[in-house]
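Novice: Protein chains in written order, with the numbering used here: chain A, 1 to 228; chain B, 1001 to 1228.
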DNA sequence: CGTTAAATATGATAAATATCAGTTAGTGAT
DNA sequence: ATCACTAACTGATATTTATCATATTTAACG
């Protein structure tokens, strides 16, 4: 079996398919589909049947859901390696959340039945999936609790630091979401997101050029993010 | 092998150990320890090493964590079958949350290594664990999002309905947590929990006798819990 | 290119919520 | 029973946040 599997070269192989045999790898690889999404495109739609196990190869996405009163609520923002849309995928038949690309994104889709079969067959694979899921849920829950404890300034500081330190690893970056979406993410109104950004600007903590943010006083921003 | 395993009669067997062989069952059963906790006793302490896989056989517990400023934040309240302290248990070495008994509770403790081994060996068991974990994380996350969307009256209504409908299945019940703990759970101050309870009483929605709550106008309480 | 819609922005005001200060009731220990 | 301590409660006030109204800028599109 000299055939080459392109997953071998995939940087996510280590994360998800460690301890998978050659044969299993081939099978996964043959059945997988890679999909590209441009900004704003929907990757997962709430209510749709779960048929694929999807993870993010590159890009940035938001996980969100619709509330009864028609508003959107962002659950978390996911980057590759960090979150891979596995939440509730194994316990439900239909998605209870949607996923949309915030940047050009590439996903890898594997039939969910294939993954479930592999979990049954390969214990080490099962272990790795459990560990990953566990870590992801944890991250989301802690993130929510941390956001909740803070006032508006603290919340906004937190998310700006998240973008700066975790996502973009730079003090200067383009906001991947609108002010409205920030509001939906950290539970405040759009007006107050804008107002608080302006406050930060006036306080000399950051500079704003439309979507571009440059954090000029990170020490102070950290301070604001600390307590209530 | 005529020996009787007491887990055979356990009502949780179906949930966790379906598809487990006789031998595996025996091994699990021999290594397990059942522990009883009285009200207020700690079951899990944040920072401690994770050595046991613990699930709730009976009773009621709270999962909570300590914030840097010394306060407590309740993540969720768990009853048997509903949540079993598996969050992050597989990805971390140490607990990042604590668990305390709100009622007389009984847990079943199995060495975590044993469970991990079984996941590796038995694919159907692995599947069942993944499904359960997935559902639990989902529940907690949705619960948090639902709480967050509401104002204080809505939040309190939500938690009262949760106690009434889900936990105690009665319109009259003893609150298993203090006003302060309710506040820590739904993210408001103790004073406002008390005040809002009083408001509900004055509005004829419920009667209060210390810890005992009797919901007299559930329709209205539901209405309050609906929107922001 | 102009037209429309959406996003960003700002101010005034109302409403919600937290904080502070203090009272009362209950609980456990001795 | 008394003391100490905590939980439950109440009111006044300050602060935070949402709402509403409106202007401006930017993006979207035929």
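Glycine included, each C-beta is placed from N, C-alpha and C at the ideal position.
Predicted model only: the values in this text are computed from it and were never measured.
(1) When the Cβ atoms of the segment 131–149 of chain A are set against those of the segment 92–107 of chain A, are three or more pairs found closer than 8 Å?
(2) Residues of chain A with a CB under 7 Å from the CB of residue 1090(B): which are they?
(3) For residue 1138(B), would you say it is in contact with chain A, using Cβ-to-Cβ distances shorter than 7 Å as the test?
(4) Since I believe residue 55(A) is in contact with residue 12(A) (beta carbons under 8 Å), could you give me their beta-carbon distance rounded to a whole number of angstroms?
(5) Could you check where the beta strand (DSSP E) with residue 1072(B) kicks off and where it finishes?
(6) Note down, in chain order, every chain A residue with its Cβ under 9 Å from the Cβ of residue 1236(B).
(7) Taking only the alpha-carbon atoms, compute the straight-line gap between residue 1218(B) and residue 1205(B) and give it to the nearest angstrom.
(8) Can you tell me which residues form a DSSP beta bridge with residue 1062(B)?
(9) Could you have a look at residue 166(A) and say whether DSSP puts it in helix, strand or coil?
(10) Mind the definition here: the segment 171–178 of chain A touches the segment 209–223 of chain A only if three or more C-beta pairs lie below 8 Å; say whether that holds.
(11) Is residue 1158(B) closer than 7 Å to residue 1225(B) when the C-beta atoms are compared?
(12) May I ask you to check if the CB of residue 1170(B) is nearer than 6 Å to at least one heavy atom of the ligand PLP?
(13) Of all the CB atoms in chain A, is at least one closer than 7 Å to the CB of residue 1227(B)?
(14) Going by the beta-carbon positions, is the gap between residue 138(A) and residue 1088(B) smaller than 7 Å?
(15) Which whole-angstrom value describes the C-beta separation of residue 1058(B) and residue 1020(B), a residue pair presumed to lie in contact below a C-beta threshold of 8 Å?
(16) Could you work out which residues of chain B lie near residue 75(A), taking near to mean beta carbons separated by less than 8 Å?
(17) Can you tell me whether residue 30(A) is buried or exposed, with buried defined as 16 or more other CB within 10 angstroms of its CB?
(18) Go through its chain and collect everything with a Cβ distance to residue 1193(B)'s Cβ below 7 Å, but skip five positions before and after it.
(19) Just to confirm my understanding: we take residue 1040(B), look at its own chain, exclude 5 residues before and 5 after, and list those with CB closer than 7 Å. What are they?
(20) For residue 32(A), which residues of its own chain have a beta-carbon under 8 Å away from its beta-carbon, when the five flanking residues on both sides are left out?
(21) Closest Cβ-Cβ distance between residue 1094(B) and chain A: below 7 Å?
(22) From which residue to which residue does the beta strand (DSSP E) around residue 109(A) run?
(23) Could you check how far apart the C-beta atoms of residue 130(A) and residue 1090(B) are, in whole angstroms? I think they sit under 8 Å.
(24) Just checking: is the beta-carbon of residue 1126(B) within a distance shorter than 7 Å of some beta-carbon in chain A?
(25) Could you check how far apart the C-beta atoms of residue 1045(B) and residue 1063(B) are, in whole angstroms? I think they sit under 8 Å.
(26) Measure the C-alpha to C-alpha separation of residue 187(A) and residue 1122(B) and round it to an integer number of angstroms.
(27) For a contact defined as C-beta to C-beta under 7 Å, what are the partners of residue 82(A) on chain B?
(28) Taking residue 1116(B) as the query, report the chain A residues whose CB atoms sit under 7 Å from its CB, ordered along the chain.
(29) Report the three-state DSSP secondary structure of residue 53(A) (helix, strand or coil).
(30) Give the interface partners of residue 1187(B) over in chain A, defined as CB-CB distance under 7 Å, in chain order.
(31) DSSP three-state label for residue 1198(B), please.
(32) Going by DSSP, what residue range makes up the alpha helix (DSSP H) through residue 15(A)?
(33) Go ahead and pull the three-state DSSP assignment for residue 1212(B).
(34) Of the residues that make up the segment 20–52 of chain A, which ones have a beta carbon closer than 9 Å to any beta carbon in chain B?
(35) Which residues in chain B have a C-beta closer than 8 Å to the C-beta of residue 123(A)? List them in chain order.
(36) At a CB-CB cut-off below 7 Å, which residues of chain B make contact with residue 67(A)?
Specialist: According to the data block:
(1) With a cut-off of 8 Å, the segment 92–107 of chain A and the segment 131–149 of chain A do not count as touching, because too few Cβ pairs lie within range.
(2) Position 90 of the second chain holds residue 1090(B). For residue 1090(B), the chain A residues whose Cβ falls inside 7 Å of its Cβ are 130, 131 and 134, in order along the chain.
(3) Residue numbering aside, residue 1138(B) sits at position 138 when the second chain is read from its first letter. At a cut-off of 7 Å, the C-beta of residue 1138(B) has a neighbouring C-beta in chain A.
(4) Residue numbering aside, residue 12(A) sits at position 12 when the first chain is read from its first letter. Residue numbering aside, residue 55(A) sits at position 55 when the first chain is read from its first letter. With a beta-carbon spacing of about 7 Å, residue 12(A) and residue 55(A) fall inside the 8 Å limit used to define contacts.
(5) In the second chain, residue 1072(B) corresponds to position 72, counting from 1. Unbroken beta strand (DSSP E) run through residue 1072(B): 1072–1078.
(6) Outside the modelled stretch of chain B, which goes from 1001 to 1228, sits residue 1236(B), for which no answer is possible.
(7) Position 218 of the second chain, counted from the first residue, corresponds to residue 1218(B). Position 205 of the second chain, counted from the first residue, corresponds to residue 1205(B). In this structure, the CA atom of residue 1218(B) is about 7 Å from the CA atom of residue 1205(B).
(8) As a first step, residue 1062(B) is located in the second chain; it is residue number 62 there, counting from the start. When beta bridges are read from the DSSP output, residue 1062(B) appears opposite 1077(B) and 1100(B).
(9) Your numbering for residue 166(A) matches position 166 in the first chain. Secondary structure of residue 166(A) (DSSP, three-state): helix.
(10) A contact between stretches requires three or more CB pairs, one per stretch, nearer than 8 Å, and the segment 171–178 of chain A meets this requirement with the segment 209–223 of chain A.
(11) Taking the first residue of the second chain as 1, we reach residue 1225(B) at position 225. Taking the first residue of the second chain as 1, we reach residue 1158(B) at position 158. Result yes, Cβ atoms of residue 1225(B) and residue 1158(B) sit closer than 7 Å.
(12) Only the bare structure without any ligand can be found here, which leaves the ligand PLP out of the picture.
(13) For the purposes of this step, residue 1227(B) is identified with residue 227 of the second chain, where counting begins at 1. Residue contact check for residue 1227(B) against chain A: a CB pair falls below 7 Å.
(14) By one-based count along the first chain, residue 138(A) stands at place 138. By one-based count along the second chain, residue 1088(B) stands at place 88. Yes, the Cβ-Cβ distance between residue 138(A) and residue 1088(B) is below 7 Å.
(15) Counting from one through the second chain, the residue named residue 1058(B) turns up at place 58. Counting from one through the second chain, the residue named residue 1020(B) turns up at place 20. At roughly 21 Å, the Cβ-Cβ gap does not stay under 8 Å, so residue 1058(B) and residue 1020(B) are not in contact.
(16) As a first step, residue 75(A) must be located in the first chain, where it is residue number 75. Here the neighbours are 1141 and 1145.
(17) Taking the first chain and counting its residues from 1, one reaches residue 30(A) at position 30. Flag for residue 30(A) reads exposed.
(18) Position 193 of the second chain holds residue 1193(B). Non-local beta-carbon contacts of residue 1193(B) in its own chain, meaning distances under 7 Å to residues more than five positions away in sequence, involve 1156, 1179, 1182 and 1183 in chain order.
(19) Numbered from its first residue, the second chain carries residue 1040(B) at position 40. Only 1100 and 1101 meet the Cβ criterion.
(20) Along the first chain, one-based indexing puts residue 32(A) at 32. Answer for residue 32(A): 7, 108, 109 and 110, listed in chain order.
(21) Working through the second chain from its first residue, we reach residue 1094(B) at position 94. The beta-carbon of residue 1094(B) is placed no less than 7 Å from the nearest beta-carbon of chain A.
(22) Position 109 of the first chain, counted from the first residue, corresponds to residue 109(A). Per DSSP, residue 109(A) is one residue of the beta strand (DSSP E) stretching across 105–111.
(23) Here residue 130(A) is taken as the residue at index 130 of the first chain, counted from 1. Here residue 1090(B) is taken as the residue at index 90 of the second chain, counted from 1. Going by Cβ atoms, the distance from residue 130(A) to residue 1090(B) rounds to 5 Å, so yes, they are a contact pair.
(24) Taking the second chain and counting its residues from 1, one reaches residue 1126(B) at position 126. Yes, residue 1126(B) counts as interfacial toward chain A.
(25) The residue you call residue 1045(B) lines up with position 45 of the second chain. The residue you call residue 1063(B) lines up with position 63 of the second chain. In this structure residue 1045(B) does not touch residue 1063(B) by the C-beta definition: roughly 12 Å separates them, more than the 8 Å allowed.
(26) Within the first chain, numbered from 1, the residue matching residue 187(A) stands at position 187. Within the second chain, numbered from 1, the residue matching residue 1122(B) stands at position 122. Their backbone Cα atoms lie some 42 Å apart in a straight line.
(27) For the purposes of this step, residue 82(A) is taken as the residue at position 82 of the first chain. Against residue 82(A), chain B offers no close residue; the least beta-carbon distance is about 13 Å (beta-carbon pairs closer than 7 Å).
(28) Mapped onto the second chain, residue 1116(B) falls at position 116. Within chain A, the residues near residue 1116(B) are 127.
(29) On the first chain, residue 53(A) is found 53 positions in, with the first residue counted as 1. Strand.
(30) Your numbering for residue 1187(B) matches position 187 in the second chain. Those within 7 Å of residue 1187(B) in chain A are 148.
(31) Numbered from its first residue, the second chain carries residue 1198(B) at position 198. Here residue 1198(B) sits in helix by DSSP.
(32) The residue labelled residue 15(A) in the question sits at position 15 within the first chain. Going by DSSP, residue 15(A) is part of the alpha helix (DSSP H) stretching over 13–16.
(33) Numbered from its first residue, the second chain carries residue 1212(B) at position 212. Strand at residue 1212(B).
(34) Within the segment 20–52 of chain A, no residue has a Cβ lying closer than 9 Å to any Cβ of chain B.
(35) For the purposes of this step, residue 123(A) is identified with residue 123 of the first chain, where counting begins at 1. Here the neighbours are 1119, 1120, 1121, 1122, 1123 and 1126.
(36) As a working mapping, residue 67(A) is identified with position 67 in the first chain. For a Cβ distance threshold of 7 Å, residue set 1149 of chain B lies close to residue 67(A), ordered along the chain.
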